[in-house]
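Residues are numbered in my numbering as their position in the sequence shown, beginning at 1, plus a constant of 175.
One structure below.
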Amino acid sequence: MASHGLLLQDSSMRFQVLVNEEPRPVELVFGGARDLALVDRWRVPPGVASGSGARDALEFARLASKRWRYYRESISTASDLESFRSILQQRRESEISVLLVVRADWFSYSRILGLAQCRRTYCHHIILEFLAVHPSIVGGLQPMIRGVGAGLIYSLAVLAGAVDVPLIWGEATAFSAPFYVKTCRLPKVEDYFFLRKRSLQFCRGQFRRKYFGEA
176 MASHGLLLQD
186 SSMRFQVLVN
196 EEPRPVELVF
206 GGARDLALVD
216 RWRVPPGVAS
226 GSGARDALEF
236 ARLASKRWRY
246 YRESISTASD
256 LESFRSILQQ
266 RRESEISVLL
276 VVRADWFSYS
286 RILGLAQCRR
296 TYCHHIILEF
306 LAVHPSIVGG
316 LQPMIRGVGA
326 GLIYSLAVLA
336 GAVDVPLIWG
346 EATAFSAPFY
356 VKTCRLPKVE
366 DYFFLRKRSL
376 QFCRGQFRRK
386 YFGEA
């Protein structure tokens, strides 16, 4: 594995999540229209508590889908690591849309467990615009699955390392701020979070050691 656990040229990597405390493999890929067609079918299952954040997760997933489709018509879209690099080589100031998707055939509610809609800015930073995990996972239904959201964050840090991006930032909510503090070992998160060198190194280390990430 390279120093940052570089994304495979076929645009996929693998890591482990916990399913009822047992490790199970998931795949992370650069997503596209077919993946979003599955995300558009997400629903909040019966039995999910109203205060669990599941409805927010569904809303963020739908907003991410709309944002990706809008970007598809307005800015460059990376379909894999090589296309990301190629866009940068052609024009360094390019804005680039990136959709990362976690999927697994064993997940009964949907093949898609979670997603992250991102944008590379003209000054070579990455904005995490929307992070969404399937409502059944957020709502704590069986099987209990942990690690999808953190795996997405850590994978995004791996991508940032592969293309020498020095900063990932995004907006936080009252529900998500504690998640970013814990996941990224940040001292405090209010409206926004910022992952710079030290935090990115921590996230990449977690991906390799705790999530057994393979690239």
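Heads up, the beta-carbon is just placed ideally off N, CA and C, and yes, glycines get one too.
Check whether the Cβ atoms of residue i and residue j lie closer than 7 Å to each other.
{"i": "Y246", "j": "S269", "result": "no"}
{"i": "A229", "j": "P310", "result": "yes"}
{"i": "V223", "j": "V277", "result": "no"}
{"i": "V333", "j": "F382", "result": "yes"}
{"i": "I328", "j": "T358", "result": "yes"}
{"i": "I287", "j": "D210", "result": "yes"}
Pop quiz: residue i and residue j are said to be a contact at Cβ under 8 Å. What is the actual Cβ separation, rounded to whole angstroms?
{"i": "S217", "j": "L233", "result": "At residue 217 the sequence reads Trp, which differs from the Ser that was named. Indeed, because the Cβ distance is near 6 Å, the residues count as touching under 8 Å."}
{"i": "L275", "j": "L203", "result": "6 Å"}
Thinking C-alpha only, which one of the options is nearest residue i?
{"i": "C293", "options": "G324, V277, W344", "result": "W344"}
{"i": "E196", "options": "I328, P318, E346, P341", "result": "P318"}
{"i": "Y386", "options": "S330, T348, G336", "result": "S330"}
{"i": "A347", "options": "K241, M188, R383, A307", "result": "A307"}
{"i": "V338", "options": "H300, E365, V356", "result": "H300"}
{"i": "S251", "options": "L361, I262, S187", "result": "I262"}
{"i": "L213", "options": "S283, L342, E248", "result": "S283"}
{"i": "G314", "options": "S225, L327, V204, L334", "result": "S225"}
{"i": "R237", "options": "V219, S254, E202", "result": "V219"}
{"i": "G289", "options": "V194, A352, R379, V201", "result": "V201"}
{"i": "A253", "options": "L327, I302, Q191, F205", "result": "F205"}
Got a sec? Which residues, its chain only, sit under 7 Å from residue i by beta carbon, not counting five neighbours each side?
{"i": "Y355", "result": "A347, L361, V364, F368"}
Would you check whether the ligand NAP has a heavy atom nearer than 6 Å to the C-beta of residue i?
{"i": "A279", "result": "The ligand NAP is absent from the structure shown, which contains no ligand whatsoever."}
Can you list, in chain order, the residues of its chain whose CB lies under 8 Å from that of residue i, leaving out five sequence neighbours each side?
{"i": "D215", "result": "R237, S240"}
{"i": "R371", "result": "P341, L342"}
Quickly, what does DSSP pair residue i with across the bridge? List them, please.
{"i": "Y355", "result": "None, per the DSSP bridge assignment."}
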